[in-house]
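If you're matching positions, the sequence shown starts at 3 in our numbering and goes up one per residue.
Some notes on the structure that comes next.
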Amino acid sequence: MPTLTRWYVRSALVCFVAALALGVLTALRGVVVLPSVVGALGPVYVHLLMVGWVTQLIFGVAYWMFPRPSAARSDPS
């Protein structure tokens, strides 16, 4: 597995854990008294989940799975 793929997958997992923690905080807001800032973190949660987790994981796996074009094939002559 290429090094760039490892970095993509690791950062995706870090973003997933951060989004999970933020989602739990948002869900606990109705049960436990939390600062009002937690209620405004909805867009941050969605961004971490979609851009951080999903997109980085897709790009990391795609970089790993798709073949690289060879130099002989790209030469027009």
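Where is the CB? At the ideal position from N, CA and C, for every residue including glycine.
The structure displayed is predicted, hence computed values, not measured ones.
Please classify residue i: is it buried, with 16 or more other beta-carbons within 10 angstroms of its beta-carbon, or exposed?
i	result
A21	buried
A14	buried
G44	exposed
G41	exposed
G54	buried
Using only alpha-carbon positions, find the residue among the options that is nearest to residue i.
i	options	result
I60	V33, V48 and Y10	Y10
T81	R70, S72, P69 and Y65	Residue 81 lies beyond the stretch modelled for the chain, which goes from 3 to 79, so this question has no answer here.
V48	R12, T7 and C17	C17
According to the Cβ coordinates, are residue i and residue j closer than 9 Å?
i	j	result
L50	L24	yes
V56	T7	no
With a CB to CB cut of under 6 Å and the five nearest residues on each side skipped, what residues in its chain are close to residue i?
i	result
Q58	Y10, S13 and A14
Grab me the residues of residue i's own chain with a C-beta within less than 8 Å of its C-beta, minus the 5 sequence neighbours each way, in chain order.
i	result
L27	L36, V40 and L43
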